[in-house]
Amino acid sequence: DVVMTQTPLSSPVTLGQPASISCRSSQSLVHRDGNIYLNWLQQRPGQPPRLLIYKISDRFSGVPDRFTGSGAGTDFTLQISRVETEDVGVYYCMQSTHFPHTFGQGTKLEIK
Amino acid sequence: EVQLVESGGGLVQPGGSLRLSCEASGFTFSRYWMYWLRQAPGKGLAWVSRIEGPATDTNYADSVKGRFTISRDNAKNTLYLQMNSLRAEDTAVYYCVRGSNDWPGMDVWGQGTTVIVSS
Numbered sequence: 011d012v013v014m015t016q017t018p019l020s021s022p023v024t025l026g027q028p029a030s031i032s033c034r035s036s037q038s039l040v041h042r043d044g045n046i047y048l049n050w051l052q053q054r055p056g057q058p059p060r061l062l063i064y065k066i067s068d069r070f071s072g073v074p075d076r077f078t079g080s081g082a083g084t085d086f087t088l089q090i091s092r093v094e095t096e097d098v099g100v101y102y103c104m105q106s107t108h109f110p111h112t113f114g115q116g117t118k119l120e121i122k
Numbered sequence: 851e852v853q854l855v856e857s858g859g860g861l862v863q864p865g866g867s868l869r870l871s872c873e874a875s876g877f878t879f880s881r882y883w884m885y886w887l888r889q890a891p892g893k894g895l896a897w898v899s900r901i902e903g904p905a906t907d908t909n910y911a912d913s914v915k916g917r918f919t920i921s922r923d924n925a926k927n928t929l930y931l932q933m934n935s936l937r938a939e940d941t942a943v944y945y946c947v948r949g950s951n952d953w954p955g956m957d958v959w960g961q962g963t964t965v966i967v968s969s
């Protein structure tokens with residue numbers, strides 16, 4: 011199975027400041043169709059996960075444009091341009107190129 | 851609006867059984883892969899099982915193979931997970947998740963149902 015490794019595991023940030031989370035895969039995530047299916051999910055406290063970003067950088071329906079995904083090869087990044095209170099939670103990267111789909115350990119975003 | 855509502859969780863003794871259900875609405879259920887994922891207390895996310903739209907193809911994580919059975923009733927827009935021979939390590943919140951029709955992956959998650967395996 012593909013191992014997804016996130017850093018940092020915890021990220022204290024100041025409201026209004028940017029935040030960045032990294033994710034690395036143990037092997038190439040290039041699908042046979044040529045795309046890379048690296049996705050990001052957000053899990054607010056007490057809530058189920060929610061899809062934010064798919065295929066590296068495509069925002070899912072209703073996701074604010076302060077969330078940006080980027081990356082290539084085996085290294086990927088989720089950036090939040092200006093952190094808001096509602097962004098507190100755990101963020102997971104997930105690959106769906108290979109089956110079974112696998113997740114990173116999660117990064118806890120908290121306000122300083 | 852796409853909605854997935856799970857039910858059937860609860861407290862069960864080791865070796866016992868439970869059947870989870872997920873009622874779907876707001877989309878053509880029969881056209882989508884559907885997944886069960888779980889999250890153990892304080893832990894991350896793990897894939898459990900998935901089933902193709904027409905129910906002709908299923909897959910299971912090694913940890914549940916032979917004990918869990920995924921199924922669906924497309925006429926009732928409902929997904930199921932029959933869980934037998936439950937173990938303490940199956941304790942988790944179980945999520946019903948819709949597979950995307952546009953790309954390999956999952957897009958919409960239910961609220962989850964909690965399964966606790968304990969004597």
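As they're listed, the protein sequences go chains A and B. Here the first sequence stands for residues 11 to 122, where the numbers follow the numbering used here. Here the second sequence stands for residues 851 to 969, where the numbers follow the numbering used here. Ideal placement from N, C-alpha and C gives every residue a C-beta, glycine not left out. On a predicted model such as this, the values are computed, not experimentally measured, just so you know.
A Cβ of chain B is located within less than 8 Å of the beta carbon of Leu61(A). Annotation: Cβ neighbours of Pro110(A) in chain B (cutoff 7 Å, chain order): Trp897, Ala911. Note that the C-beta distance between Gln889(B) and Val943(B) is below 8 Å. As a beta-bridge residue in DSSP terms, Thr87(A) pairs with Ser32(A), Ser80(A).
Counting along the chain, no beta strand (DSSP E) covers Lys915(B), and no H or E run does either. Here Arg42(A) is exposed. Its C-beta has fewer than 16 other C-beta atoms within 10 Å. Taken through DSSP and simplified to helix, strand or coil, Asp957(B) comes out as strand. For Val855(B), the uninterrupted beta strand (DSSP E) run begins and ends at 853–857, by DSSP.
By the neighbour-count criterion, in which a residue is buried when 16 or more other Cβ atoms sit within 10 angstroms of its Cβ, Val13(A) is exposed.
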